[in-house]
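Okay, so here's the structure we're looking at.
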Amino acid sequence: MATFKDFRNSVKPNWCPGCGDFSVQAAIQRAAASIGLEPEGLAVVSGIGCSGRISGYINSYGFHGIHGRSLPIAQGVKMANKDLTVIASGGDGDGFAIGMGHTIHAIRRNINITYIVMDNQIYGLTKGQTSPRSATGFKTKSTPEGSIEQAISPMEMALTAGATFVAQSFSTDLKDLTALIEQGIQHEGFSLINVFSPCVTYNKINTYDWFKENLTKLKDVEGYDSSNREQAMQTLMKHDGLVTGLIYQDTQRKSYQDLLSGYSDKPLSEADLKLDQAYFDKLVEEFM
Amino acid sequence: MVKQLSWKVGGQQGEGIESTGEIFSIALNRLGYYLYGYRHFSSRIKGGHTNNKIRVSTTQTRSVSDDLDILVAFDQETIDVNYKELHEKGIIIADSKFDPKKPEDTNALMFSVPFTQLATDLGTSLMKNMVAVGATCAVLNLDIQVFEEVVQEIFGRKGQAVVDKNMEAIKAGYDFTKEQLNTDTGLMELDQADGKKRMFMIGNDAIALGALAAGSRFMAAYPITPASEIMEYLIKKLPELGGTVIQTEDEIAAATMAIGANYAGVRAFTASAGPGLSLKMESIGLSGMTETPLVVIDTQRGGPSTGLPTKQEQSDLMAMIYGTHGEIPKIVMAPSTVQEAFYDTAEAFNLAEEYQCPVILLSDLQLSLGKQTVEPLEFDKVEIRRGKLQSDLPEIENKEYFKRYELTNDGISPRVIPGMKHGIHHVTGVEHDESGKPSESAANRNSQMDKRFRKIENIKFDMPVYKNAPHEEADLLLVGFNSTRGAIEEAMERIEADGIKVNHAHIRLIHPFPTDDLLPLVQSAKKVVVVENNATGQLANIIKMNVGFANKIVKYNKYDGNPFLPHEIHTKCKELF
Ligand SMILES: Cc1ncc(C[n+]2csc(CCOP(=O)(O)OP(=O)(O)O)c2C)c(N)n1
Ligand code: SF4
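For the record, the sequence lines run as chains A and B. FYI, full-length UniProt numbering numbers position 52 of the first sequence as 52, with every residue one higher than the one before it. FYI, full-length UniProt numbering numbers position 476 of the second sequence as 476, with every residue one higher than the one before it.
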């Protein structure tokens, strides 16, 4: 059986020392090992950004695509081979700006993949512009007088879009994060995990200390029931989205692939490509 | 007796014009005639003039006909818009309901037949199209029994009574019109057809069927005219084979999802038209850079922007070759008939896997939506070739990545798919080394760039140029691509009859351009006329760029939204001599 070391490769990440993304990488490697995956059975698809590099730092099949499109690529991979474990990942710009359309539709579609967003409330790779997760008033290179737009609330947005698994974590909480990733992968449907992953270079507001001060663990919220969508929404609103833990899970709704009529039990990638002559003849006959 | 005739039915969109044309053409196709149907429609659902022009012939035709023999009109607008196409002895059959008026400047005969009234008398005005079919039968002196089978198929599930009523409506139209005809006027009898059963389909049907035959089991697409029929057909068929179509949120998702599925080993594809292709460009670049196979269908329509969304045009050529940023190896192919659309689509999947690059199959609205009789498709001719896709891999020392981008002589590297043991590697759109790890070194950049382009240097492509070149030295070479083939072929016969020696080349591989194939034909012709449905002469420019001989090349362009007619090409060429 593979250990988390088997999910390590020889590539040295080019992240800044202290970047939150290191822990996300470690958490994925640990979660993969702890639920018994083998490296070749895991595909990590990522977008573009500092965070998008993650697919190159894990010893598994990795696909580093284009900005904002990790989700459709990942869904394509999963549709082609439903036996693979597929993780999509990227930054908050990748998922909630350029890729927001895909995020909402991936949530609705509910294909059985896990989406991990490394949310640093800023654009790292392009050196510090505002992100849709930046708070109003946040000063960046592109918002010198402070952002005048409203920040997106991805967890509330996910709930409204019909998500079946919504979780949030903080990159230093390695144990909790690992456990959530395990749960996400095991969830039969689309799982969204937003991880506060500080950018130590460009975000001087939402720092490790800031998060420690402002985050509330759902474990500590009395009577919190993650199967209750209404409570999930209220709790998020009450804490301005700054909660960590499993926010909501619907274990009843079936995944897209389970609902799809006619969809093969065997991975499509193993299908016999040659049609049967009789079947082809039948298709031809329909045009006569 | 005539060998061919053309028939047009017109009225307001949403009035059943479609079904009138369908029933008429399916029945005639079954008698063994070759049909060619072309619809004129607008980008709205109800209202607006629409018509369906159907050419019936005892031999294969692939062009809209120059003129018209019979015009069936459900409203005055149909007469006013179309009567000029009618030739000397043409016939108008019009619904008495709108009190049809025949324009003064035509010799055509007109019969006013109470389509709506006769249908209403039989129970419902909805059957007026059946009455019109019956009226046509009278003019063609066709036995209405030939419609029995088709009517049964269409209405059978609604019960025998509905079938009978519809047959009665056909008979009523037939009887009424018959009475108005006398033996010499108005009769237009077709030569007997060979009675062979052949397929009757649009280009999009053939593309979809080609994808199935090639083993495609997954399609991701976003609806758009004139591509939607491809996904609509496959959503019915793919589940029978364990596969599916996903209607994505946009074309970017469609292209990237297809890339993900190809990466994971499935022959996935996507189809769209110009606006969608613009959105897919970055993804096509990703496919090129990561050497992930991808088949994209572009059914061209009138551009730019929303342009003429329901009209014919061939103006995406340059965009398909050069639309992506940066430089990638890419294959752009352009079938010219429905048969070719089938075989070429199937072949596109082979090429994408063999050369590990994006393959764009160009179609155009006329080819995609024009409905034609098709000679039998030979399934045995469809090969499945997956190139350097690996099955079993040896263990790699030291847990190193598999060399997915290994530098090889032909530039093509071994390909593995996720799930395979010992095949782990990284894929990225960032410049990368042999194992897929990002690399910015100049030496690596050169070797990977060169490797990617080496792949298609010696591309093997069956018949990159279709040639009909009877003359060693020609006065004229006609060149086109996609659906203009039929009109060019017909024009060619007439130009020959004028004493001009003419050859014809239809380009089937647009990129990489088959210079060596075309060069001798250009060299040996005095003039080269490039016929294309766009304003700037994109194919002509590509030929100038690759083959040269700019001084011989004459651009002949049409971009009003309508297909070329044979007589237009004939006239244009005559003017040049
Ligand atoms: C189509 C396109 N537009 C813009 C860019 C430039 N770009 C690369 S990453 C990025 C945003 C990075 O922010 P985020 O997604 O939050 O990731 P982070 O770097 O913070 O991890 C941008 C704008 C690009 N690569 N592609
Ligand atoms: S710039 Fe920010 S997000 Fe990027 S690696 Fe450095 S710390 Fe991480």
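A virtual CB, placed ideally from N, CA and C, is assigned to each residue, including glycine.
query, result
"Classification of Pro394(B) by the beta-carbon crowding that lies within 10 angstroms, buried from 16 upward", "exposed"
"Residue ranges of each alpha helix (DSSP H) within the region 280-344 of chain B, 4 or longer", "317-322"
"Test: Phe22(A) CB closer than 8 Å to a CB of chain B", "no"
"Same chain, Cβ closer than 7 Å to Pro512(B), neighbours up to 5 away in sequence not counted", "Ile456 and Ile459"
"DSSP beta-bridge partners of Trp7(B)", "Ile54(B) and Ile70(B)"
"Residue-chain proximity (Gln277(A), chain B), Cβ-Cβ < 8 Å", "yes"
"Under 7 Å (Cβ pairs) to chain B, residues found in the region 84-117 of chain A", "Leu84, Gly101, His102 and His105"
"Beta carbon nearer than 7 Å to a non-hydrogen atom of ligand 2", "Trp15(A), Cys16(A), Gly18(A), Cys19(A), Gly20(A), Asp21(A), Cys50(A), Ser51(A), Asn120(A), Gly124(A), Leu125(A), Cys199(A), Val200(A), Thr201(A) and Tyr202(A)"
"Neighbourhood of Gln129(A) by C-beta distance below 6 Å, restricted to the same chain and skipping five residues each side", "Tyr123, Thr140, Lys141 and Ser142"
"Interface residues of chain B facing Ala32(A) [CB-CB closer than 7 Å]", "Within 7 Å Cβ-Cβ: nothing; Ala32(A) doesn't reach chain B, min ~13 Å."
"The region 113-130 of chain B in contact with the region 79-91 of chain B per 3-pair CB rule at 8 Å", "no"
"Proximity of Thr515(B) and Asn546(B) at Cβ, strictly below 8 Å", "yes"
"Three-state class that DSSP yields for Thr244(B) in the structure shown", "strand"
"Cut-off 7 Å between Cβ atoms - residues of its own chain near Thr207(A), not counting five sequence neighbours on either side", "Pro198"
"Opening and closing residue of the alpha helix (DSSP H) in which Gln234(A) lies", "Arg229 to Lys238"
"Pair within 8 Å by beta-carbon distance, Val359(B) and Val430(B)", "no"
"Check: Glu282(B) C-beta below 7 Å from any heavy atom of ligand 1", "yes"
"Test: Ser191(A) CB closer than 8 Å to a CB of chain B", "no"
"Option nearest Thr103(A) by Cα separation, candidates Glu156(A), Ser134(A), Asn228(A) and Gly41(A)", "Glu156(A)"
"Residues that DSSP places opposite Gln12(B) in a beta bridge", "His49(B)"
"Whole-Å CB distance - Arg109(A) paired with Tyr256(A), under 8 Å assumed", "5 Å"
"Residues of the region 58-83 of chain A with Cβ closer than 9 Å to any Cβ of chain B, in chain order", "Asn59, Ser60, Tyr61, Gly62, Phe63, His64, Gly65, Ile66, His67, Gly68, Arg69, Ser70, Leu71, Pro72, Ile73, Ala74, Gln75, Gly76, Val77, Lys78, Met79, Ala80, Asn81 and Asp83"
"Interfacial residues, the region 364-394 of chain B to chain A, with Cβ spacing under 9 Å", "Val374, Pro376, Leu377, Phe379, Asp380, Val382, Ile384 and Arg386"
"Rounded straight-line distance, which links the Cα of Ala278(A) to that of Thr177(B)", "44 Å"
"Alpha-carbon spacing of Gln356(B) relative to Ile73(A), whole angstroms", "17 Å"
"C-beta neighbour in chain B for Gly262(A), strict 8 Å", "yes"
"Segment contact, 8 Å Cβ cut-off, at least three pairs: the region 189-203 of chain B with the region 314-330 of chain B", "no"
"Through-space distance from Ala348(B) to Asp66(B), alpha-carbon basis", "34 Å"
"Chain A contacts from the region 266-282 of chain B (Cβ-Cβ distance under 8 Å)", "Val266, Arg267, Ala268 and Glu282"
"Ligand 1 heavy atom lying under 7 Å from the CB of Met100(A)", "no"
"Tyr559(B) versus Ile542(B): straight-line alpha-carbon distance, rounded", "18 Å"
"CB contact below 8 Å: Ala43(A) versus chain B", "yes"
"Contiguous alpha helix (DSSP H) assignments of at least 4 residues, all confined to the region 75-108 of chain B", "76-82"
"Rounded straight-line distance, which links the Cα of His567(B) to that of Tyr436(B)", "The amino acid occupying residue 436(B) in the given sequence is Gly; Tyr does not appear at that position. If I take the Cα positions, the gap works out to 56 Å."
"Closer than 7 Å: Gly11(B) CB and nearest ligand 1 heavy atom", "no"
"Cβ neighbours of Glu15(B) in the same chain (closer than 7 Å, five flanking residues each side left out)", "Phe74"
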